[in-house]
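> Below you will find the structure I want to go over with you.
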Amino acid sequence: MANALEKLLEIEKDEKILEYRFTFDDFLIWPVIRWTLFSQAINDYEEQIVKSTPKISQLLKYAVNVFMKYPYFVKNTDIMSFGTTVSNVLNDKQYFNRIHDYYNFVFPENTIFFELPYNFVYRKPRAFKNTYYHDYIRIMPILMSKLNKNIGLEQMRTINTFVDYLKTNFDKQVENSFYENIKTQLIKEEKRLKYRKRYFLKLLDKIKPKVLFLNCAHYGGESYIIKWAKERGIITAEFQHGVVSKMHPAYNYGDGILNSEEYRKYTPDYFLTYGEYWNKQIKIPGNTYVVGNPHFHESIKRYKDIKEEKNTILIVSQWTLTKEFVEIAKYLASKFKDKKIVFKMHPGEMKNYNLIKLLEAFRNIEIQKDGDIYELLAKYESIVACYSTTVFEALAFNKRIYIMDNSYSKNYIPREIGIRFKNFPELKDLIKNKVKNENEQDIEYYFNSNWKANYKKFIEQEIGITINNKNEKIFFKISQQKQKDSKYFEQTED
């Protein structure tokens with residue numbers, strides 16, 4: 001079925017969009033703003049941003065962390081990985097990165113991990129000790145670029161011509177103010193690029209990795225790192241971190257881009273997926289490679305024996321649909337006063353909390369800002385969602401899954417999963433009558449369980465790195481008794 005993205009991808013039907021470049025390094029403009037433009041066009045939603053100013057003490061602590069955790073003396077490490085502290089979950093008084101640390105601990109002596117903060121805060125202490133901070137090389141290009149107040153006339157002309165091309169050829173009407181923001185972003189990037197290259201190459205030339213993993217690499221924000229790493233002969237890759245589909249703009253490209261050798265310089269060589277299903281949902285310039293989803297499988301083991309609470313509903317909200325899920329919660333709370341309704345926020349919804357706050361007035365609604373999504377799936381009876389990865393993860397817990405029927409779910413979620421609802425009364429009846437989709441799903445098709453063997457094979461055979469790691473550390477090897485006696489993870493993101 002055609003989706004909204006397919007029409008937008010017409011702008012990539014040929015390589016015309018790739019004719020526009022920054023002055024420095026002949027760098028393509030398109031990868032820098034591609035995600036910004038597509039996501040704005042597809043995700044038609046409002047945000048209520050709650051602004052917060054960090055305290056001076058918080059900034060001082062941040063500065064000390066950045067200074068103390070720069071890899072001054074680290075050299076020649078085969079595997080280099082970039083991630084964010086947002087993905088850290090609490091485990092036995094240490095923070096464990098749910099996306100990267102499973103892999104980091106397979107070859108701990110040969111892996112260096114760089115972590116970005118969230119709101120100037122790092123979640124620490126870290127379980128993986130070979131974790132460092134690299135904010136310095138991200139901040140310096142911003143500061144240095146301020147020395148150049150203006151860009152040249154030729155540079156400005158190129159940016160203006162590019163934005164005019166978007167206005168004429170992009171298949172959706174976008175506010176002129178948005179295009180002005182793009183123009184401002186491109187002017188800043190024109191000033192920063194040469195400094196980005198200077199500082200990042202210092203780090204790459206110091207570490208000399210053979211493979212580089214980047215978080216959200218297909219979104220374009222790290223395209224400069226990818227380009228310069230490839231010029232050094234470094235293999236680049238990204239771990240899947242959530243749901244992808246035929247409608248996800250970061251993982252689907254037009255024919256002109258897919259066939260462009262030039263654009264391949266700006267995207268990862270590999271996208272490491274959860275399972276075979278996801279490989280069929282995307283069209284990217286690079287290669288797909290199945291590794292699995294270790295956090296999924298470890299969590300199933302951990303919570304398989306948890307007792308389910310009766311008369312409970314878990315609403316899994318999403319930042320693109322906050323208003324819709326809030327209305328669902330209000331409706332269900334009024335119709336099922338004897339049921340406990342848990343409203344699980346998406347991490348991106350903190351900026352929308354003004355929309356969610358009114359749910360505090362309902363006695364039978366509990367707002368869950370964080371917490372382990374797998375524990376919630378195991379604990380609660382009915383799941384209400386739309387196009388989150390949680391829909392797939394809930395299959396492992398054999399739950400009743402009710403899915404909002406809209407363009408997102410049509411393009412993200414297979415029809416054989418869950419039960420669709422078109423309106424509130426329909427959802428109420430489904431929950432009341434305990435309707436369930438009895439189709440059996442092949443979990444392995446979505447989440448390959450042999451993640452560790454697959455990752456080793458990727459590093460040693462696909463990439464060709466020879467590792468003699470006699471003292472391999474497997475962080476998550478703990479006794480069954482400890483799993484039962486302790487809250488292994490307190491998750492803060494899903």
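1 is the number of the first residue of the sequence shown in the UniProt record's numbering; add one for each residue after it.
Every residue gets a Cβ at the ideal spot worked out from N, C-alpha and C, and that includes glycine.
Given the structure is predicted, the values throughout are model-derived calculations rather than measurements.
#1: In whole angstroms, give me the CA-to-CA distance for Lys283 and Ile226.
#2: Rounded to whole angstroms, what is the Cα-Cα separation between Ile29 and Tyr446?
#3: Got a sec? Which residues, its chain only, sit under 8 Å from Leu9 by beta carbon, not counting five neighbours each side?
#4: Mind checking whether Leu377 and Tyr402 have CB atoms under 7 Å apart?
#5: Work out the CA separation of Val244 and Ile79 for me, nearest whole Å.
#6: Flag this pair as yes or no: are the beta carbons of Val326 and Leu355 separated by less than 7 Å?
#7: Three Cβ pairs or more, each shorter than 8 Å: is that satisfied between the segment 164 to 173 and the segment 109 to 117?
#8: Would Phe162 and Pro54 be called neighbours here (beta carbons separated by less than 7 Å)?
#9: Less than 7 Å between C-beta atoms, sequence neighbours within five positions excluded: which residues of the same chain meet that for Thr322?
#10: In angstroms with no decimal places, state the Cα-to-Cα distance between Asn423 and Asn433.
#11: Cα separation between Ala394 and Ile383?
#12: Does the separation of the CB atoms of Arg123 and Tyr95 fall below 7 Å?
#13: Any idea which residues DSSP pairs Met80 with across the strands?
#14: Quick one: what does DSSP say Gln58 is sitting in, helix, strand or coil?
#15: Short check: CB of Ala385 to CB of Ile300, under 7 Å?
#16: Smallest Cα separation from Lys16: which of Lys210, Arg420, Ile99, Asn259?
#17: Measure the C-alpha to C-alpha separation of Tyr289 and Pro141 and round it to an integer number of angstroms.
#18: At a cut of 8 Å, does the segment 271 to 285 reach the segment 363 to 381 through at least three beta carbon pairs?
#19: Tell me the DSSP bridge mates of Leu28?
#20: Between the Cα of Met130 and the Cα atoms of Glu231, Ile207, Pro285, Ala361, which residue gives the shortest distance?
#21: What three-state label does DSSP hand Lys330 in the structure shown?
#22: Per DSSP, what kind of secondary structure is Thr320 in: helix, strand or coil?
#23: For Ile139, is the classification buried or exposed, using 16 other Cβ atoms within 10 angstroms of its Cβ as the cut-off for buried?
#24: Per DSSP, which one or two residues make a beta bridge with Thr312?
#25: Pull the bridge partners of Ile401 from the DSSP assignment, please.
#26: If you draw a straight line from the alpha carbon of Tyr118 to that of Asn215, how long is it in whole angstroms?
#27: DSSP puts Gln94 in a beta bridge; with which residues?
#28: Count the other CB atoms, across all protein chains shown, that sit within 10 Å of the CB of Leu212; report buried if there are 16 or more and exposed otherwise.
#29: On the three-state DSSP scale, how would you describe Gly6?
#30: With DSSP as the reference, label Leu272 as helix, strand or coil.
#31: If you draw a straight line from the C-alpha of Val32 to the C-alpha of Thr390, how long is it?
#32: Using the Cα positions of Ile431 and Asn311, report the straight-line distance between them to the nearest angstrom.
#33: In this structure, how does DSSP classify Thr267 when only helix, strand and coil are distinguished?
#34: Following the continuous alpha helix (DSSP H) through Phe239, name the residue where it begins and the one where it ends.
#35: Indicate, with yes or no, if the ligand MN has a heavy atom lying under 6 Å from the CB of Tyr263.
#36: Report yes if the CB atom of Leu272 is closer than 7 Å to the CB atom of Phe239, and no otherwise.
Checking against the coordinates, here is how it stands:
#1: 19 Å
#2: 35 Å
#3: Asn252, Tyr253, Gly254
#4: no
#5: 25 Å
#6: yes
#7: no
#8: no
#9: Glu349, Asn352, Leu355, Ile356
#10: 16 Å
#11: 8 Å
#12: yes
#13: Ile112, Leu212
#14: helix
#15: no
#16: Asn259
#17: 34 Å
#18: no
#19: Arg21
#20: First, the residue type needs correcting, since residue 130 is Asn and not Met in the sequence shown. Comparing Cα positions, the closest option is Ile207.
#21: helix
#22: coil
#23: exposed
#24: Lys340
#25: Ile383
#26: 14 Å
#27: Asn91
#28: buried
#29: Checking the sequence shown, residue 6 turns out to be Glu, not Gly. The answer is helix: DSSP assigns Glu6 an H, G or I state.
#30: strand
#31: 30 Å
#32: 10 Å
#33: coil
#34: First-last for Phe239: 235 to 239, but that is the beta strand (DSSP E), not the alpha helix (DSSP H).
#35: In the structure shown, the ligand MN is absent, as is every other ligand, since no ligand is present at all.
#36: yes
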